[in-house]
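Numbering (UniProt numbering), first residue to last: 1 to 244. Every residue, glycine too, gets a C-beta built ideally from N, C-alpha and C. To keep things clear, I will list the structure first and then write my remarks on it.
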Amino acid sequence: MSLVRENATALYQQIADRLRREIADGRFEPSGRLPSEAEIGTRFDVSRVTVRLALEELDRDGLIDRKKGKGTFVAGKQVRHELNVLRSFHETLRRQGLNATMRVTALRVVATPAGLRPLFGSARRECLLLQRLHLIDGEPIAVGRSYLRTDKSDLKRADVERTPTYSVVAALAGIPVIQAKMELGAQISGKELAKALNTEAGAALLTMERTSYFRDGTCAEHSTFFIRPERYKFVLNGIFSETA
């Protein structure tokens, strides 16, 4: 539907009203991301200035969040990570209907970090480093750095770009992961993480450390996720204990 250019209502107001209705109708689900200023301008055949005025109105109304260099999103549209459900990071994104992809940035056998030797066993001197960039609609949302309790190096990048960590671990060990311990935190982004996540050095990141175990109590993997906080939130459902 085109704009009414002879209407007394300003063009930017008509665009704002149209986008407001589309937000309410869920048109931008599931990612929550609006088209770029250029795309909106092309759609309505108006200038970037007119588009910006429309977006500024939606921003004032609290309907959108505008992130410099990252895009415009429906306000409050975030990934929900339920901590009381054990799923891989990638599976958490995929199950919410998001266009989630992974890009492998490291896959190699390394010396087992000193902090992981008590978990992996002192005799295991090497492990497999798997580092991936997690994206939604092509936009970086997290870096996942995983150390797997194996020294096998015959995995192909193409395979681990499509396969969640828990599926990789199960395929290597022949048994599934059944439990995990997770710790949440925050840290300042260094240059390397900032570049990978398309954010500024010094920006705050969420962190999630995860240690996963097989049924016999053997440690299967240890992962750290560095997450952009504006699109992500953790949810934990608790049950009241009368003894608490």
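Residue closest to residue i, alpha-carbon to alpha-carbon, out of the options
{"i": "valine 168", "options": "Thr150, Met182, Glu183, Leu184", "result": "Thr150"}
{"i": "threonine 224", "options": "Ala186, Thr218, Asp216", "result": "Ala186"}
{"i": "lysine 181", "options": "Ser47, Arg87, Leu58", "result": "Arg87"}
{"i": "valine 26", "options": "Arg162, Leu63, Thr105", "result": "According to the sequence displayed, residue 26 carries glycine and not valine. When each option's Cα is compared against that of glycine 26, the closest is Leu63."}
{"i": "arginine 108", "options": "Tyr147, Leu11, Gln78, Arg80", "result": "Tyr147"}
{"i": "arginine 210", "options": "Ala158, Gly144, Ile188, Thr163", "result": "Gly144"}
{"i": "glutamine 13", "options": "Pro140, Arg52, Lys152, Leu197", "result": "Arg52"}
{"i": "aspartate 61", "options": "Asp17, Asp45, Phe214", "result": "Asp17"}
{"i": "glutamate 192", "options": "Val46, Thr112, Ala142, Arg117", "result": "Ala142"}
{"i": "leucine 83", "options": "Val49, Ser189, Leu184", "result": "Leu184"}
{"i": "phenylalanine 226", "options": "Gly238, Ile188, Ile239", "result": "Ile188"}
{"i": "histidine 134", "options": "Ile23, Arg228, Leu34, Leu11", "result": "Arg228"}
{"i": "tyrosine 213", "options": "Thr207, Gly190, Gly238, Ala170", "result": "Ala170"}
{"i": "arginine 66", "options": "Arg33, Thr50, Ser47, Thr42", "result": "Arg33"}
{"i": "leucine 98", "options": "Pro118, Leu119, Pro140, Tyr166", "result": "Pro140"}
Reduced DSSP category for residue i - H, G, I as helix; E, B as strand; rest coil
{"i": "arginine 228", "result": "coil"}
{"i": "glycine 115", "result": "helix"}
{"i": "arginine 157", "result": "helix"}
{"i": "arginine 52", "result": "helix"}
{"i": "threonine 199", "result": "coil"}
{"i": "serine 223", "result": "strand"}
{"i": "phenylalanine 120", "result": "helix"}
{"i": "alanine 194", "result": "helix"}
{"i": "aspartate 59", "result": "helix"}
{"i": "lysine 68", "result": "coil"}
Boundaries (first-last residue) of the beta strand (DSSP E) holding residue i
{"i": "glutamate 82", "result": "79 to 82"}
{"i": "glutamate 126", "result": "126 to 136"}
{"i": "threonine 165", "result": "Per DSSP, threonine 165 belongs to no beta strand (DSSP E); it is in the alpha helix (DSSP H), 165 to 173."}
{"i": "threonine 211", "result": "204 to 213"}
Alpha helix (DSSP H) segment containing residue i, residue limits
{"i": "arginine 21", "result": "11 to 24"}
{"i": "leucine 93", "result": "89 to 94"}
{"i": "phenylalanine 44", "result": "37 to 44"}
Burial state of residue i, where buried means 16 or more other Cβ atoms lie within 10 Å
{"i": "glutamate 221", "result": "buried"}
{"i": "valine 110", "result": "exposed"}
{"i": "lysine 40", "result": "In the sequence as presented, lysine is not what sits at residue 40; that position holds isoleucine. Its Cβ being crowded by 16 or more others within 10 Å, isoleucine 40 is buried."}
{"i": "threonine 218", "result": "exposed"}
{"i": "valine 79", "result": "buried"}
{"i": "glutamate 37", "result": "buried"}
Residue i beta carbon near the ligand COA (any heavy atom closer than 7 Å)
{"i": "glycine 97", "result": "The ligand COA is not part of the structure shown, which contains no ligands of any sort."}
Report yes or no: do three or more beta-carbon pairs, one from the region 66 to 75 and one from the region 88 to 99, lie closer than 8 Å? Three or more Cβ pairs closer than 8 Å define a contact, and the region 66 to 75 falls short of that threshold against the region 88 to 99.
When you compare the region 172 to 181 with the region 226 to 238, are there three or more beta-carbon pairs, one atom per stretch, that lie closer than 8 Å? Judged by pairs of C-beta atoms under 8 Å, the region 172 to 181 does not touch the region 226 to 238, as fewer than three such pairs exist.
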